[in-house]
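To keep things clear, I will list the structure first and then write my remarks on it.
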Amino acid sequence: CPLCRKPTADLHSHMGTHILCASQGVGETDLYSTVGQLFPCGFCGHSGHPDCVVKLKSTKCTKEINTCCIYQIPFKYGFGERGSTARPCCNVPVVCPLSVHCGHDTEFRDAVWHYNMEQHLSFFHPEYAHPGKVMGRHLPCHVFDILYITPTKEKKASVPAHPAFTLIAEKENYGDLAVSTGQKRKGSSTRAVAAEGSCSSGGK
Numbered sequence: 012c013p014l015c016r017k018p019t020a021d022l023h024s025h026m027g028t029h030i031l032c033a034s035q036g037v038g039e040t041d042l043y044s045t046v047g048q049l050f051p052c053g054f055c056g057h058s059g060h061p062d063c064v065v066k067l068k069s070t071k072c073t074k075e076i077n078t079c080c081i082y083q084i085p086f087k088y089g090f091g092e093r094g095s096t097a098r099p100c101c102n103v104p105v106v107c108p109l110s111v112h113c114g115h116d117t118e119f120r121d122a123v124w125h126y127n128m129e130q131h132l133s134f135f136h137p138e139y140a141h142p143g144k145v146m147g148r149h150l151p152c153h154v155f156d157i158l159y160i161t162p163t164k165e166k167k168a169s170v171p172a173h174p175a176f177t178l179i180a181e182k183e184n185y186g187d188l189a190v191s192t193g194q195k196r197k198g199s200s201t202r203a204v205a206a207e208g209s210c211s212s213g214g215k
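The opening position of the sequence shown corresponds to residue 12 in the numbering used here, with each subsequent residue numbered one higher.
Below you can see the structure in the form of structure tokens.
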């Protein structure tokens, strides 16, 4: 790991824990290099390096990641998106539905690492509330579905759970804003507990 210098069999999941801790203000005393403050890369944890820009291409069956980070490793997108008991990290690149994107889903589009989505909203869509900022317009439910982190994953990473977040607009309340994201819709009760998105790495 380029941050703590510990050996790891799964850098992607390991780095996700560092990033989640940093995003929740949980200090780690064993780091030789701190997590980048702005949109840290999901592979190296650093900010601002042009090679770490990440893009995502979606087809009916696969999602392919494109980045030139020197620490990138291949991983299966579907597995990384769901996580597991042993590797709960779900920090995968996602496409923000609120941003304007050129081209189609089947072309590479600018993406945001899942654990950076709240920061992305604060910077580029500040009019919306989110689990880390409970002031603003109600967040469209399909956007919340993308950034939601389960309490189980937060507990596994030893970070405090967000308070319940209910400022979520259902589909009928945001009209034309809804955009297809390929994400499964969660029930309203699930949303209400809120925190109780060349050189390539890709996979299903």
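C-beta: ideal position from N, C-alpha, C; glycine also.
Margin query: Suppose you measure from the CA of residue 143 to the CA of residue 18; what does that come to, to the nearest Å?
Written below: The C-alpha of residue 18 is placed about 32 Å away from the C-alpha of residue 143.
Candidates 174, 151, 152, of which the one nearest residue 162 by Cα: Ranking 174, 151, 152 by Cα distance to residue 162 puts 174 first.
Helix, strand or coil at residue 151 [DSSP, three-state]:
Strand.
**Study point:** For residue 69, the first and last residue of its enclosing beta strand (DSSP E)
**Key:** Taken as a continuous stretch (DSSP letters only), the beta strand (DSSP E) holding residue 69 covers 66 to 69.
Where DSSP assigns a beta bridge to residue 179, which residues make up the other side? DSSP output for residue 179 lists 150 as bridge partner(s).
* Please work out which residues of its chain come closer than 6 Å, Cβ to Cβ, to residue 78, disregarding the five sequence neighbours upstream and downstream, and give them in chain order. => Here the set comprises 65.
When you compare each of 60, 15, 50, 47 to residue 41 by their alpha carbons, which one comes out closest?
The option with the nearest alpha carbon to residue 41 is 15.
Practice item. Could you tell me if residue 69 is buried or exposed, where buried requires 16 or more neighbouring beta carbons within 10 angstroms of its beta carbon? Key: By the C-beta density criterion, residue 69 is buried, having at least 16 other C-beta atoms within 10 angstroms.
### Message
Just to confirm before moving on: does the CB-CB distance between residue 241 and residue 126 stay below 8 Å?
### Response
With the chain represented from 12 up to 215, any question about residue 241 goes unanswered, as that position is not in the structure.
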